[in-house]
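Numbering (this note's numbering), first residue to last: 673 to 761. Think of the CB as a built atom: it goes at the ideal place given N, C-alpha and C, for glycine as much as any other residue.
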């Protein structure tokens with residue numbers, strides 16, 4: 673049984689940021705809000721990462737990039753990608 677919660681966000685930029693994060697993570701706004709609420713109630717600040725997740729991430733990275741090293745700072749690449757994606761919305 674599910675319970676409905678209507679959340680009126682006055683901050684459109686906050687909703688946009690949550691929606692972008694959901695798309696980036698391949699999830700839904702509902703799932704992100706649920707996770708944040710659960711973490712808040714449990715007093716956790718970050719989601720735990722398990723060994724399987726790290727192993728899988730390394731496999732994906734190896735498959736995509738192989739031995740190549742990308743030029744530049746990762747933070748700059750992330751920032752540029754976010755700006756591009758924000759422009760598309």
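Three-state secondary structure assigned by DSSP to residue i
i: residue 745; result: coil
i: residue 674; result: coil
i: residue 751; result: helix
i: residue 760; result: helix
N-terminal and C-terminal residue of the alpha helix (DSSP H) that residue i is part of
i: residue 684; result: 684–697
i: residue 701; result: 701–714
i: residue 730; result: 723–737
Cut-off 7 Å between Cβ atoms - residues of its own chain near residue i, not counting five sequence neighbours on either side
i: residue 732; result: none
Sub-7 Å separation of residue i and residue j beta-carbons
i: residue 687; j: residue 681; result: yes
Close Cβ partners of residue i (< 8 Å) along its chain, the five nearest in sequence each way excluded
i: residue 749; result: 742
Specify whether the stretch 681–694 and the stretch 703–710 touch according to this definition: at least 3 beta carbon pairs, one from each stretch, less than 8 Å apart. yes
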